[in-house]
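To keep things clear, I will list the structure first and then write my remarks on it.
Number of protein chains: 2
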Amino acid sequence: MRRTNQPAPQSLTAFLPGEDPAGHQVDRGVGRSATGGPHVLQPIGRVESPLVDRDLAPKQGDEGSPYAWLIFEPAVREGLRDLEIGSDAIVLTWLDRARRDVLVVHPRGDPARRQEGVFSTRSPDRPNPIGLHRVEIVSIDGVRIRVRNLEALDGTPILDVKPVLHQGDER
Amino acid sequence: MRRTNQPAPQSLTAFLPGEDPAGHQVDRGVGRSATGGPHVLQPIGRVESPLVDRDLAPKQGDEGSPYAWLIFEPAVREGLRDLEIGSDAIVLTWLDRARRDVLVVHPRGDPARRQEGVFSTRSPDRPNPIGLHRVEIVSIDGVRIRVRNLEALDGTPILDVKPVLHQGDER
Numbered sequence: 369m370r371r372t373n374q375p376a377p378q379s380l381t382a383f384l385p386g387e388d389p390a391g392h393q394v395d396r397g398v399g400r401s402a403t404g405g406p407h408v409l410q411p412i413g414r415v416e417s418p419l420v421d422r423d424l425a426p427k428q429g430d431e432g433s434p435y436a437w438l439i440f441e442p443a444v445r446e447g448l449r450d451l452e453i454g455s456d457a458i459v460l461t462w463l464d465r466a467r468r469d470v471l472v473v474h475p476r477g478d479p480a481r482r483q484e485g486v487f488s489t490r491s492p493d494r495p496n497p498i499g500l501h502r503v504e505i506v507s508i509d510g511v512r513i514r515v516r517n518l519e520a521l522d523g524t525p526i527l528d529v530k531p532v533l534h535q536g537d538e539r
Numbered sequence: 369m370r371r372t373n374q375p376a377p378q379s380l381t382a383f384l385p386g387e388d389p390a391g392h393q394v395d396r397g398v399g400r401s402a403t404g405g406p407h408v409l410q411p412i413g414r415v416e417s418p419l420v421d422r423d424l425a426p427k428q429g430d431e432g433s434p435y436a437w438l439i440f441e442p443a444v445r446e447g448l449r450d451l452e453i454g455s456d457a458i459v460l461t462w463l464d465r466a467r468r469d470v471l472v473v474h475p476r477g478d479p480a481r482r483q484e485g486v487f488s489t490r491s492p493d494r495p496n497p498i499g500l501h502r503v504e505i506v507s508i509d510g511v512r513i514r515v516r517n518l519e520a521l522d523g524t525p526i527l528d529v530k531p532v533l534h535q536g537d538e539r
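Same order as they appear, the protein sequences are chains A and B. The numbering of the first sequence is the numbering used here, which starts it at 369 and goes up by one. The numbering of the second sequence is the numbering used here, which starts it at 369 and goes up by one.
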């Protein structure tokens with residue numbers, strides 16, 4: 369097995385999903401795999417941004433987004449250690465003000481455009497409202513990372529950060 | 369509000385998260401927003417692929433991935449209606465055989481490479497194991513969509529499909 373098998377730091381173990389707020393066991397499972405449901409997301413941080421109103425926010429990150437901060441949980445600090453200032457990264461968020469019961473939308477919220485299936489659009493409204501953002505890392509201060517080109521609203525939960533594999537490639 | 373406000377079809381409403389298997393109310397919330405926790409994913413389909421062994425699967429989609437099928441839930445059919453054969457799409461999956469308690473890994477599972485923070489790698493092992501795949505749509509048969517360049521394992525839950533905004537751009 370080509371895996372990293374070092375034990376998780378205690379703080380991370382405590383941080384990972386094991387109980388929901390009502391005390392029910394969720395998604396920890398045997399061997400700490402993610403197998404089995406329900407699949408419960410555990411935010412690793414939050415967006416701190418001047419953007420607070422969905423209807424005023426830019427539709428895409430390079431359409432007038434202000435600088436924003438990614439504020440990570442201290443428990444995931446080790447995972448951040450190789451991020452570099454000046455590089456681009458992909459940030460996945462949970463668009464917590466989206467609707468999950470919508471399957472067709474007017475692209476870019478423009479009623480003049482014909483409705484399209486949500487899976488052909490970047491609408492935040494979709495069954496699993498996961499935001500996909502390509503940002504540039506501007507500065508790093510411990511678990512606080514400042515970025516450009518993030519259109520997510522203030523308070524949006526952060527789910528993951530991934531590297532851009534090849535400049536201009538979307539894998 | 370620039371939103372699509374048409375009522376959800378009954379089948380989608382029934383499909384969306386409302387109760388976990390134990391009968392607890394989860395994540396439906398007032399107004400059907402995704403606000404509040406826990407944030408529970410509702411797979412919209414599954415991958416059907418000859419890839420069954422994580423250790424033999426290619427690390428990235430264009431490194432020898434076979435053709436695969438995306439098998440969607442009938443309830444989300446309307447959302448798929450504008451996907452086009454020959455186009456590229458971004459598929460998000462839940463990497464259900466990953467570990468969630470890992471923060472540093474050897475890149476590409478190679479013990480000869482120094483460990484890196486997971487958020488600088490595409491390791492499936494990470495706190496929220498969401499897979500990000502750029503695929504090419506080869507054919508469409510109702511809710512079955514055949515794709516190239518998908519390295520996800522057979523049975524992997526599908527979370528979302530998004531368009532590539534600009535060829536070679538990763539937003």
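Yeah, the Cβ is synthetic: ideal placement off N, Cα and C, and Gly gets one too.
Neighbourhood of residue i by C-beta distance below 6 Å, restricted to the same chain and skipping five residues each side
| i | result |
| --- | --- |
| Pro492 (chain A) | Leu463, Ala466 |
| Arg476 (chain A) | Lys427 |
| Gln483 (chain B) | Val472, His474 |
| Pro418 (chain B) | Pro434 |
| Val470 (chain B) | Asp493 |
| Arg468 (chain A) | Pro495 |
| Gly429 (chain A) | His501, Asn517, Leu518, Glu519 |
Cutoff 8 Å: residue i Cβ touching any chain A Cβ
| i | result |
| --- | --- |
| Leu471 (chain B) | yes |
| Ile498 (chain B) | yes |
| Arg400 (chain B) | Interpretation of Arg400 (chain B) is limited by its pLDDT of 43, a score under 50 that renders its predicted location unreliable; the figure taken from the coordinates is listed afterwards. Closer than 8 Å to some Cβ of chain A, the Cβ of Arg400 (chain B) qualifies, so yes. |
| Ser488 (chain B) | yes |
| Gly391 (chain B) | Confidence is the limiting factor: at Gly391 (chain B) the pLDDT is only 37, short of 50, which leaves the residue's position unreliable, though a coordinate-based value still follows. Answer no: the Cβ-Cβ gap between Gly391 (chain B) and chain A never drops below 8 Å. |
| Val408 (chain B) | yes |
| Glu484 (chain B) | yes |
| Leu521 (chain B) | no |
| Val506 (chain B) | no |
| Val515 (chain B) | no |
| Pro434 (chain B) | no |
| Leu533 (chain B) | yes |
Distance between beta carbons of residue j and residue i, contact taken as under 8 Å
| i | j | result |
| --- | --- | --- |
| Gly485 (chain B) | Gly447 (chain A) | 4 Å |
| Ile526 (chain A) | Thr461 (chain A) | 6 Å |
| Val408 (chain A) | Asp522 (chain A) | With 8 Å as the limit, Val408 (chain A) and Asp522 (chain A) do not qualify as a contact, their Cβ atoms being about 24 Å apart. |
| Val532 (chain A) | His501 (chain A) | Actually they do not touch by this definition, with Cβ atoms about 12 Å apart. |
| Leu424 (chain B) | Val515 (chain B) | Between Val515 (chain B) and Leu424 (chain B) the Cβ distance is about 19 Å, and since that is not below 8 Å, they are no contact. |
Close Cβ partners of residue i (< 8 Å) along its chain, the five nearest in sequence each way excluded
| i | result |
| --- | --- |
| Leu451 (chain B) | Ala457, Ile505, Ile508, Ile513, Val529 |
| Glu431 (chain A) | Glu519 |
| Ile498 (chain B) | Leu460, Thr461, Trp462, Leu463, Leu527 |
| Phe440 (chain A) | Ile412, Gly413, Leu448, Val511, Arg512, Ile513, Ile526 |
| Phe487 (chain B) | Arg494 |
Proximal residues to residue i (C-beta, below 7 Å), its chain only, five neighbours per side dropped
| i | result |
| --- | --- |
| Arg481 (chain B) | His474, Pro475 |
| Thr489 (chain B) | Val473, Pro475 |
| Arg365 (chain A) | Beyond the ends of chain A as shown, which are 369 and 539, falls residue 365 (chain A); an answer cannot be given. |
| Arg400 (chain B) | Residue placement at Arg400 (chain B) is poorly supported in this model, since its pLDDT is 43, which falls under 50; the coordinates still yield a value, given next. Excluding residues within five positions, none has a Cβ falling inside 7 Å. |
| Arg422 (chain B) | Arg465, Leu521 |
| Val420 (chain A) | Leu521, Asp522 |
Any chain B beta carbon closer than 8 Å to residue i
| i | result |
| --- | --- |
| Asn447 (chain A) | A quick correction: the sequence has Gly, not Asn, at residue 447 (chain A). Interface residue, yes. |
| Ile439 (chain A) | no |
| Asp509 (chain A) | no |
| Val529 (chain A) | yes |
| Arg512 (chain A) | no |
| Arg494 (chain A) | yes |
| Pro426 (chain A) | no |
| Ile458 (chain A) | yes |
| Leu451 (chain A) | yes |
| Thr524 (chain A) | no |
Residue(s) in a DSSP beta bridge with residue i
| i | result |
| --- | --- |
| Phe440 (chain B) | B:Gly413 |
| His501 (chain A) | A:Val459 |
| Glu484 (chain B) | B:Val473 |
| Asp509 (chain A) | A:Arg512 |
| Asp528 (chain A) | A:Leu460 |
| Val420 (chain A) | Note: Val420 (chain A) sits in no beta bridge, so no partner. |
| Arg468 (chain A) | Arg468 (chain A) pairs with nothing; no bridge assigned. |
When Cβ atoms are compared, which residues of the segment 412-423 of chain A fall closer than 7 Å to chain B? Ile412, Asp423
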